[in-house]
Amino acid sequence: MKRYIYNPFQAYFYIQNGVLPIKPPEVNPSTDRIFYTFTDEETKEVYQLWCNRKH
Numbered sequence: 015m016k017r018y019i020y021n022p023f024q025a026y027f028y029i030q031n032g033v034l035p036i037k038p039p040e041v042n043p044s045t046d047r048i049f050y051t052f053t054d055e056e057t058k059e060v061y062q063l064w065c066n067r068k069h
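Residue numbering for the sequence shown follows our numbering, starting at 15 and increasing by one per position.
See the structure below:
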């Protein structure tokens with residue numbers, strides 16, 4: 015399964031923690047927003063780090 019991340023801070027956090035997008039950033043034609051595509055399996059651990067980080 016794929017995860018589409020629209021939050022650039024979250025996408026960069028994933029990249030900084032070693033999880034790379036599976037394709038270059040794309041633009042959603044309906045919203046004109048940039049998003050990053052990751053695999054569900056690779057993002058599970060980093061997602062927990064993202065949720066538990068200090069703001």
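Don't be surprised by glycine CBs; every beta carbon is placed ideally from N, CA and C.
>> Please state the DSSP three-state secondary structure of V41.
In response: strand
>> Here's a check: name, in chain order, each residue in its chain whose Cβ is nearer than 8 Å to the Cβ of K16, leaving out the five neighbours to either side.
In response: I36, T51, F52, T53 and D54
> Does DSSP put I48 in a helix, in a strand, or in coil?
Replying inline: strand
> Any idea if T57 is buried or exposed, counting beta-carbon neighbours within 10 angstroms, 16 or more meaning buried?
Replying inline: buried
>> Which residue wins for smallest C-alpha separation from E40, given the options Y61, P22 and I48?
In response: I48
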